[in-house]
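Engineer:
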């Protein structure tokens, strides 16, 4: 039987919200409403507008003035292969655009059929998107000759907060030791790595002994018992933050498997109430039937025993281990 | 020399991994190999090193507190005196060098590491730009470098042929660098025949995507000769920064590099070797103009970042490459450069010398 073990894959996301302040706020509000503003500082007009002096960094009283919507390209590059983070999905130019009435250029995107349509000194004009939210991406530029007349309906209120979702996709093959750990789980085995230097048994292995700073390979690997002792736990009452999938309270615990020296972390318990759960409690893995096991959400980061291979962890009924015996393994 | 550093400091051991397109194990493993190597070179017990500092980037591995896990590579127990910078490890070296100026400790272990291969660097590095006006556009470092290249061409300071000359020489030199990831013997004409990637840049004007690590031990002068045969002296480090808005800068020049060079007095005596953080080929033209290096000064004999770009270690590797040539007696005085941010926004220079303290 061969079961596919997927690559290590995870997405890191942070939904940033930022206050805009006295200069960026009016700029984004005006942009949403169809106008581009610059700031006049010491007689020069800066676009994008600044809260501070560009040379001395001193706070300045910015006088906001309207610039554009047309301007001149000072420099550019042709983005032949846009990424999902870019504001346009077809090939486009990033350019430094000196808007009419401004003394410094704004970096922005120019939509054009090909790089032939772009040159230093070329004239471009801002075009507004159908839906404007008060972000720098409310506009893009096109060659002046292609610009269309637009009537922009002003939005409501001032833009005092910006939202910017950062999303990074991280993917690579499972590291060889992590892959062997995953293969073991599909066979109903928990594989650890025993350091020849310290004698300590790490589960899952990380390919090294962090205490003695030596690398560990397959020759260090051995099967670990699927029974152990709870060394720490917390009850999680899921807060509904961005990306949260959990809805009901559950227990997340660390289990020190018998014979090992490092608790396996991130074991979720959903069938034992928090009032019945204790440090020192003895638990045994209840494996899924071999044909029902699969690997999902196991990546190169932390390493746990997922509930796609172990159905649940049941109390063995043995007396609890004295918590004092476990203090070396609690955080 | 304009830099007043009362305590003489030397590089006494260096190590680096090869630059890998993809390293099939943890970032910790990369660092651990380097750390164990430098500790073995100096013959010290790990626990006798006074201070440890690392440079890395959590966004690269996409893991909050990845830098904490990296401590496994230096031995986390018993607890060590350590710090971390979310910057290229050349800035970790800067902090280490300043830390030694306090005079109360003698040795520092500096490491830098990065695995760019699991992520998409173009989608990571625009996050270091201003979050209101630039980052939402995804204004990535490749595109920014393209804009800078165009500005150089339009100003008459360089041509696409000049960029190709940098690439041709760098990747040919890299044939002799066992740690290089991209090495090739290609003529300028062959390179110019390649298609554009981010016009006016071709793919070879960009650095490779690399995984790698580097480490170094530096010490005060009183123990340097006990720790190695040929200490390489750090005569000074200076770093300067320009605006993060591309529109506020003259992209064809590097005034921050020029100021750092003046502060370090790099023209006080000849420089034999310069290892420059040329992430994109046009940057070498800009740096050469700002530094005014003498005729006969070797530039990037290792091939530079165009031959291997282990992000967050790349700058420290420049110091290592210059120091290695000095320690081997091929050069007497060297310059190492590191940069951070788009289009050489921030620049660090480090002057190195061989011989007696």
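Chains as they are written, first to last, in our numbering: chain C, 1 to 331; chain W, 332 to 688. Glycine residues also receive a C-beta, built at the ideal position from the N, C-alpha and C atoms. These numbers were taken from a predicted model, which means no experiment stands behind them.
With 8 Å set as the bound, which would you pick, yes or no: does the beta-carbon of residue 159 of chain C sit closer than that to a beta-carbon of chain W?
Structural biologist: Closer than 8 Å: no.
Engineer: So is residue 332 of chain W in contact with chain C if we call contact Cβ pairs under 8 Å?
Structural biologist: Any reading at residue 332 of chain W must be qualified, since the residue scores a pLDDT of 47, below 50, and its modelled position is unreliable; the value itself is stated next. Chain C contact via Cβ: absent.
Engineer: Could you tell me which of C:139, C:53, C:21, C:35 sits nearest to residue 43 of chain C, measuring between CA atoms?
Structural biologist: Nearest option by C-alpha distance: C:53.
Engineer: Give the straight-line distance between the Cα atoms of residue 545 of chain W and residue 441 of chain W, rounded to the nearest whole angstrom.
Structural biologist: Each residue's Cα considered, the two are about 8 Å apart.
Engineer: Residues of chain W with CB under 9 Å from residue 166 of chain C, in chain order?
Structural biologist: Near residue 166 of chain C (Cβ distances below 9 Å), the residues of chain W are 390, 458, 466.
Engineer: In the DSSP output, which residue or residues are listed as bridge partners for residue 253 of chain C?
Structural biologist: Beta-bridge pairing links residue 253 of chain C to C:233, C:267.
Engineer: Start and end of the alpha helix (DSSP H) containing residue 358 of chain W?
Structural biologist: 358-373 is the span of the alpha helix (DSSP H), which, as asked, contains residue 358 of chain W.
Engineer: Which residue from W:648, W:414, W:465, W:421 puts its Cα closest to that of residue 140 of chain C?
Structural biologist: Among W:648, W:414, W:465, W:421, the Cα nearest to that of residue 140 of chain C is on W:465.
Engineer: Determine which residues share a DSSP beta bridge with residue 532 of chain W and list them.
Structural biologist: For residue 532 of chain W, which the question treats as bridged, DSSP gives the partners W:529.
Engineer: Consult DSSP for residue 44 of chain C and reduce its assignment to one of helix, strand or coil.
Structural biologist: Strand at residue 44 of chain C.
Engineer: Using a Cβ cut-off of 9 Å, pull out every chain C residue sitting near residue 568 of chain W, in sequence order please.
Structural biologist: Ordered by position in chain C, no residue passes the 9 Å Cβ test against residue 568 of chain W, which lies about 23 Å from the chain.
Engineer: Once you ignore the five residues that flank residue 247 of chain C on each side, which residues in its own chain have a CB closer than 8 Å to its CB?
Structural biologist: Same-chain partners within the cutoff: 238.
Engineer: Which of helix, strand or coil does DSSP assign to residue 516 of chain W?
Structural biologist: Residue 516 of chain W: coil per DSSP, three-state reduction.
Engineer: Go ahead and label residue 1 of chain C buried or exposed: buried means 16 or more other beta carbons lie within 10 angstroms of its beta carbon, across all protein chains shown.
Structural biologist: A caution first: residue 1 of chain C carries a pLDDT of 46, below 50, which makes its placement in the model unreliable, though a value can still be read off. Its Cβ having fewer than 16 others within 10 Å, residue 1 of chain C is exposed.
Engineer: Go through its chain and collect everything with a Cβ distance to residue 621 of chain W's Cβ below 8 Å, but skip five positions before and after it.
Structural biologist: Closer than 8 Å at the Cβ level, and outside the excluded window around residue 621 of chain W, lie 584, 585, 586, 588, 589, 592.
Engineer: When the Cα atoms are used, what is the spatial distance from residue 643 of chain W to residue 280 of chain C?
Structural biologist: Answer to the nearest angstrom: the Cα atoms are 43 Å apart.
Engineer: So with Cβ pairs under 8 Å, would you call residue 577 of chain W a contact of chain C?
Structural biologist: By this cut-off, residue 577 of chain W is an interface position.
Engineer: Sort C:230, C:101, C:7, C:207 by Cα distance to residue 363 of chain W and report the nearest one.
Structural biologist: When each option's Cα is compared against that of residue 363 of chain W, the closest is C:207.
Engineer: When the cut-off is 8 Å and only beta carbons count, does residue 79 of chain C lie next to chain W?
Structural biologist: Output row for residue 79 of chain C: interface = yes.
Engineer: Looking at the unbroken alpha helix (DSSP H) that takes in residue 587 of chain W, where does it start and where does it end?
Structural biologist: Counting along the chain, the alpha helix (DSSP H) containing residue 587 of chain W begins and ends at 586-595.
Engineer: If you count every other CB in all the chains shown that lies within 10 Å of the CB of residue 396 of chain C, and 16 or more means buried, which is it?
Structural biologist: Absent from the structure is residue 396 of chain C, since the part of chain C shown begins at 1 and ends at 331.
Engineer: Applying a beta-carbon distance threshold of less than 7 Å, which residues of chain C neighbour residue 474 of chain W?
Structural biologist: By Cβ distance, chain C contributes 77, 79, 94.
Engineer: Report the partner residues of residue 441 of chain W according to the DSSP bridge assignment.
Structural biologist: Beta-bridge pairing links residue 441 of chain W to W:384, W:547.
Engineer: May I ask you to report which of helix, strand or coil DSSP gives residue 370 of chain C?
Structural biologist: Since the first and last residues shown for chain C are 1 and 331, residue 370 of chain C lies out of range.
Engineer: Cα separation between residue 183 of chain C and residue 393 of chain W?
Structural biologist: Computed Cα separation, rounded: 25 Å.
Engineer: Using DSSP with H/G/I as helix, E/B as strand and the rest coil, what is residue 450 of chain W?
Structural biologist: Coil, per DSSP.
Engineer: Report all residues from its chain with a CB closer than 6 Å to the CB of residue 475 of chain W; omit the five preceding and five following residues, and keep chain order.
Structural biologist: The answer, listed in chain order, is 673, 674.
Engineer: With which residues is residue 572 of chain W paired in a DSSP beta bridge?
Structural biologist: Answer is W:677, bridged to residue 572 of chain W.
Engineer: Could you have a look at residue 428 of chain W and say whether DSSP puts it in helix, strand or coil?
Structural biologist: Reduced to three states, the DSSP call for residue 428 of chain W is helix.
Engineer: Would you say residue 399 of chain W lies against chain C (beta-carbon separation less than 8 Å)?
Structural biologist: So no, residue 399 of chain W is outside the interface.
Engineer: I want to see whether chain C comes within less than 8 Å of residue 697 of chain W, judged by CB atoms only; does it?
Structural biologist: This structure gives no information on residue 697 of chain W, because the portion of chain W shown stretches from 332 to 688.
Engineer: Should the segment 341-358 of chain W be regarded as contacting the segment 555-566 of chain W, the criterion being three or more beta carbon pairs within less than 8 Å?
Structural biologist: Yes, since at least three Cβ pairs between the segment 341-358 of chain W and the segment 555-566 of chain W fall closer than 8 Å, the two stretches touch.
Engineer: Indicate whether at least one CB of chain C lies closer than 8 Å to the CB of residue 406 of chain W.
Structural biologist: So yes, residue 406 of chain W belongs to the interface.
Engineer: Contact between the segment 524-532 of chain W and the segment 73-80 of chain C: three or more CB pairs below 8 Å?
Structural biologist: They touch, by the three-pair rule.
Engineer: What residue range does the alpha helix (DSSP H) around residue 186 of chain C cover?
Structural biologist: Note, residue 186 of chain C: alpha helix (DSSP H), 176-186.
Engineer: Buried or exposed, going by whether 16 or more other CB atoms sit within 10 Å of the CB of residue 689 of chain W?
Structural biologist: What the structure shows of chain W is the stretch from 332 to 688, and residue 689 of chain W is not part of that stretch, so it cannot be assessed.
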